[in-house]
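Heads up: the structure comes next, in structure tokens.
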Amino acid sequence: MCDTYQNAVGSSLSQPVEGVWTISDSVKRDTGAQRTLFTEITGQWMGRDRRRGVPYTWTVSHLADGRGRISPRSFLAAIRGAAEDSRERYPDHVYPLHYESIKRGVQKPSEIRVSELAEDYPWVRTVMGPLHGLSVPCGFDIIEQRWKEDWGKSIPDVQPGLPPEHHEQGWVGIRQDLEGLGIFQPMSDRRVNMPDLYRVGFGLGRRDGMKPARKS
109 MCDTYQNAVG SSLSQPVEGV WTISDSVKRD TGAQRTLFTE ITGQWMGRDR
159 RRGVPYTWTV SHLADGRGRI SPRSFLAAIR GAAEDSRERY PDHVYPLHYE
209 SIKRGVQKPS EIRVSELAED YPWVRTVMGP LHGLSVPCGF DIIEQRWKED
259 WGKSIPDVQP GLPPEHHEQG WVGIRQDLEG LGIFQPMSDR RVNMPDLYRV
309 GFGLGRRDGM KPARKS
């Protein structure tokens, strides 16, 4: 590992402290060096060739919320999951992290982030429940129809916790609140999209995307 680090960033890796390896402060501020190190443990591609994307950018994009933010907890959970899956399924792979294991690894952070969000906004699970299995991006009319099939014209009472901020505006208000939380992403053609972090966690699908989480 020390040789890999030195070859990637041009400096030696400090000795572990209480079993924990740490990278230098300069590498922490150098995105290029971080990308090089990441490639050393994942390989260049998210598949057999470049068509499936690059592991570094693929992982970041799949863990970001609608505002482009990633929590350290989500990133660490994804890498831990990928490492455990790689060790179990692909022990002879040339790189420590197999690209298929990375895909599986990002599903756990989705579940974690959804749980964290539900603690602060309990109503989110309620309104996202009827959308399970839906594929995005899609028109808001399709989403609204799912809600109406479950509740008619009235927004359900959400207990415990406060209701959505704009619930008095009806389903359009719910959409506004979900966009504000970064769960819904408005598109230029007026369709609604979702970042993969939430899409997977809430069990929605996307063509050529990852499988949604199973509904418990």
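Residue numbering for the sequence shown follows our numbering, beginning at 109 and increasing consecutively.
Idealized CB from N, CA, C, for every residue including glycine.
The model shown is predicted, which means the values in this text are computed figures rather than measured ones.
Backbone secondary structure at residue i - three-state DSSP
i, result
"Asn115", "helix"
"Gln277", "helix"
"Gln293", "strand"
"Gly213", "helix"
"Ser179", "coil"
"Ser243", "strand"
"Val162", "coil"
"Asp304", "helix"
"Gly237", "helix"
"Gly99", "Nothing in the structure corresponds to residue 99, since the chain is present only between 109 and 324."
"Val222", "helix"
"Val202", "coil"
"Arg299", "strand"
"Ser120", "coil"
"Ser132", "coil"
Of the residues the options, the one placed nearest residue i, counting alpha carbons only
i, options, result
"Arg156", "Glu227, Val202, Pro238, Val300", "Val202"
"Ala172", "Tyr207, Arg221, His206", "Arg221"
"Arg195", "Ser209, Val300, Pro272", "Ser209"
"Phe310", "Asp200, Arg181, Ser169, Met236", "Met236"
"Glu219", "Ser120, Leu305, Arg314, His275", "Leu305"
"Pro271", "Val308, Gly176, Leu286, Tyr198", "Leu286"
"Val308", "Leu239, Glu273, Pro264, His274", "Leu239"
"Pro288", "Trp153, His274, Asp111, Phe146", "According to the sequence displayed, residue 288 carries Gly and not Pro. Nearest C-alpha to Gly288: His274."
Cβ neighbours of residue i in the same chain (closer than 6 Å, five flanking residues each side left out)
i, result
"Ser179", "none"
"Gln114", "Ser120"
"Ser324", "Residue placement at Ser324 is flagged as unreliable, the pLDDT there being 45, under the threshold of 50; the coordinate-derived value follows with that caveat. Excluding positions up to five away in sequence, the list is empty."
"Gly174", "Gly290, Gln293, Pro303"
"Thr144", "Ala116"
"Ile263", "His275"
Cβ shell of residue i (< 8 Å), same chain only, five flanking positions each side left out
i, result
"Ala141", "Ala116, Val117, Ser134, Val135"
"Val300", "Val244, Pro245, Cys246, Gly247, Phe248, Ile251, Arg283, Phe292, Gln293, Pro294"
"Met154", "Arg160, Gly161, Val162, Pro163, Trp166, Tyr207, Ile210, Lys211"
"Glu257", "Pro238"
"Arg254", "Pro238, Leu239, Leu242"
Whole-angstrom C-beta distance between residue j and residue i, which should lie under 8 Å
i, j, result
"Lys327", "Ala185", "A query on residue 327 cannot be resolved here, the shown segment of the chain reaching from 109 to 324 and no further."
"Ile291", "Leu205", "Incorrect: roughly 28 Å between the Cβ atoms, too far for contact."
"Glu252", "Trp231", "Going by Cβ atoms, the distance from Glu252 to Trp231 rounds to 16 Å, so no, they are not a contact pair."
"Tyr198", "Gly151", "Going by Cβ atoms, the distance from Tyr198 to Gly151 rounds to 11 Å, so no, they are not a contact pair."
"Pro163", "Phe146", "7 Å"
"Thr130", "Ser122", "6 Å"
Same chain only: Cβ atoms within 7 Å of residue i, ignoring 5 sequence neighbours per side
i, result
"Val214", "Thr167, His170, Leu171, Ala186"
"Arg233", "Ala226"
"Phe183", "Leu171"
Min CB distance residue i to chain D below 9 Å
i, result
"Ser182", "Given the protein chain composition of this structure (a single chain), no chain D is represented."
Closer than 8 Å is the cut-off here; do at least three beta carbon pairs connect the stretch 187-194 with the stretch 236-247?
Counting Cβ pairs under 8 Å, fewer than three are found: no touch.
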